[in-house]
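Notes follow the structure.
Number of protein chains: 2
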Amino acid sequence: MFPNKKIYLCININSMMTFAEENYLKAIFHLELESAGEISTNAIAESMETKPSSVTDMVQKLAEKKMLVYKRYKGAQLTDKGRKIAASVIRKHRLWEVFLVEKLKFHWDEVHDIAEQLEHIQSDELITRLDKYLGSPDFDPHGDPIPDKHGVLKRTEKKLLSKLEKNQQGVCVGVKESNSEFLQYLDKKKISIGTKIKVLGKEFFDGSMVIQVGKDQSFISKTVADNLYVQTQ
Amino acid sequence: MFPNKKIYLCININSMMTFAEENYLKAIFHLELESAGEISTNAIAESMETKPSSVTDMVQKLAEKKMLVYKRYKGAQLTDKGRKIAASVIRKHRLWEVFLVEKLKFHWDEVHDIAEQLEHIQSDELITRLDKYLGSPDFDPHGDPIPDKHGVLKRTEKKLLSKLEKNQQGVCVGVKESNSEFLQYLDKKKISIGTKIKVLGKEFFDGSMVIQVGKDQSFISKTVADNLYVQTQ
DNA sequence: TTATAATTTTAGGCAAAGCTAAAATTATGT
DNA sequence: ACATAATTTTAGCTTTGCCTAAAATTATAA
């Protein structure tokens, strides 16, 4: 009568999303943060490194599932339902990144691909416990905010260190582009996520800075200040 | 932060296995432990809750990939290559189970379905670090041995506590059938994985036992002794 | 305004992994 | 031994998620 018995195992109909569907919702969620209104097929295709025709297919399917609103030739917009699922995937991704860095001692720039897989593991209880285990972190190792369990993403005032003026201070929440050398440089300077940084001086002509990190003072170039995100409360 | 770079991290062509393929290899591996020689299509189908015709399809594909040897109407046998991959999937499954129980405080009987998903995460580095993080455990929370990184599974002398005679002892390595009440009972008796148990006395007529657990003595029924696995070295 | 460019959709195909129904093969019982 | 039962395979269909090529629509620029 019903072809596949295994279907009965899915108690929560909402989360009966495939990996591909979750990835689309996630991508659209990110695009909506950057620009309001309908998201174009092309934009989605580009961000997912896939073809526009594939996007059209999937977007139509997600529209049928009420995950988004889609108008031919116009684009897509997430519904509350779709946004919630996207946020939960991003929450999982970022929590796992925290786990990989904090517990397994991976570096910031090594964890993305693994988290990309882990984000699709289905178990609410798992995420509840993982979150608790990690001390309910607010940010992932790149300084990006972790959506709460209701899918609410705290939009934070993350800005580049280079934008701070003399005597302003912030907490390091991430890097713009991470590469091993830069991360090693930060290690040497004793800067990591959560480090308080105060601007003691800023040179006008080259944008270099003298900053306070803990009890030490440090000199950093504009290149560095342009690559570090801080949060000013 | 790095939206959707599709990165091809499959360095090892051998491990470019789909979830389905990995599940088949795993199932056949388990069946080979129970009975030597070729494994029948029907046996595989039954253990995977799928149809024999589906098994034939997949087994032919796995034979092409040299994961197993298949003869029409005869059955399948894993090659070294296939066995190694199966063992690595089982290793991952069991390590994740340890993580879920030891770190996230799940109960023994709650972790299977989650580990069933986690076992397919692809990253050698992840498993190396996870193993280290967990203290390179030899057994999972059900007392089943964890294959080493080379795919070697220590075949252990796991036996039911009820098989031990007076004055014999063993280390608790798992339960046969786990349910919440039984696990709570064990908690009360201070028995868990790794607990040393010595048989102080065994009643002939009902199989009940007096055992030593740490410094305490305990009385247990045959029902309990029939449901507890111990390892005698 | 209209021709051309860009975007988006449709149509048709492919591979994975499952299914059913029917055919082929092997096993069994008397 | 041989009919029947059980097992296994084949053939053909379905869905998912992607693709290419062509058609449809919208945008842009002279």
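Protein sequences appear in the order of chains A and B. Sequence positions in the first sequence follow the numbering used here and run 3 to 235. Sequence positions in the second sequence follow the numbering used here and run 3 to 235. Backbone N, C-alpha and C define an ideal beta-carbon position, used for all residues, glycine too.
**Message:** Can you give me the C-alpha to C-alpha distance between residue 190 of chain B and residue 214 of chain B, rounded to a whole angstrom?
**Reply:** 14 Å
**Asked** From A/72, A/22 and A/225, pick the residue whose C-alpha is nearest to that of residue 118 of chain A; which is it?
**Response** A/22
**Asked** Alpha carbon to alpha carbon, how far is residue 11 of chain A from residue 128 of chain A?
**Response** In this prediction, residue 11 of chain A scores a pLDDT of 40, lower than 50, which makes its location untrustworthy; the coordinate-derived value is nonetheless stated afterwards. Rounded to the nearest angstrom, the two C-alpha atoms are 17 Å apart.
**Asked** Should residue 233 of chain B and residue 151 of chain B be called a contact, given that it needs their Cβ atoms to be closer than 7 Å?
**Response** no
**Asked** Counting only beta-carbon atoms, is residue 13 of chain A nearer than 7 Å to chain B?
**Response** Its pLDDT being 43, under 50, residue 13 of chain A is placed unreliably in this model, and the coordinates cannot settle the point.
**Asked** Roughly how many angstroms separate the alpha carbons of residue 303 of chain A and residue 110 of chain A, rounded to a whole number?
**Response** Past the boundaries of the shown model lies residue 303 of chain A; chain A is included only from 3 to 235, so the question cannot be answered.
**Prompt:** Nearest CA to the CA of residue 219 of chain B: which residue from B/209, B/203 and B/230?
**Reply:** B/203
**Message:** Could you compute how far the alpha carbon of residue 179 of chain A sits from the alpha carbon of residue 135 of chain A?
**Reply:** 28 Å
**Asked** Among B/156, B/200, B/182 and B/186, which residue has its Cα nearest to the Cα of residue 173 of chain B?
**Response** B/200
**Item:** Reference residue 74 of chain A, options A/63, A/82 and A/84, closest by Cα
**Value:** A/63
**Request:** Give the residues from the region 23–35 of chain B that approach chain A closer than 7 Å (Cβ to any Cβ), ordered along the chain.
**Result:** none
**Prompt:** Pick from B/216, B/93, B/229 and B/65: whose alpha carbon is nearest that of residue 81 of chain B?
**Reply:** B/65
**Request:** Flag this pair as yes or no: are the beta carbons of residue 91 of chain A and residue 143 of chain A separated by less than 7 Å?
**Result:** no
**Cβ of residue 46 of chain A within 7 Å of any chain B Cβ** = no
**The alpha helix (DSSP H) enclosing residue 156 of chain A, as first and last residue numbers** = It is not in any alpha helix (DSSP H) - residue 156 of chain A carries neither H nor E in the DSSP assignment.
**Asked** Around the Cβ of residue 95 of chain A, are there at least 16 other Cβ atoms within 10 angstroms (buried) or fewer (exposed)?
**Response** buried
**Prompt:** Leaving out five residues before and five after residue 47 of chain A in sequence, what residues of the same chain have Cβ atoms less than 8 Å from its Cβ?
**Reply:** 53, 54, 56 and 57
**Prompt:** Using a Cβ-Cβ distance under 7 Å, would residue 116 of chain B count as near chain A?
**Reply:** yes
**Prompt:** Within the 7 Å Cβ cut-off, does residue 49 of chain B reach chain A?
**Reply:** no
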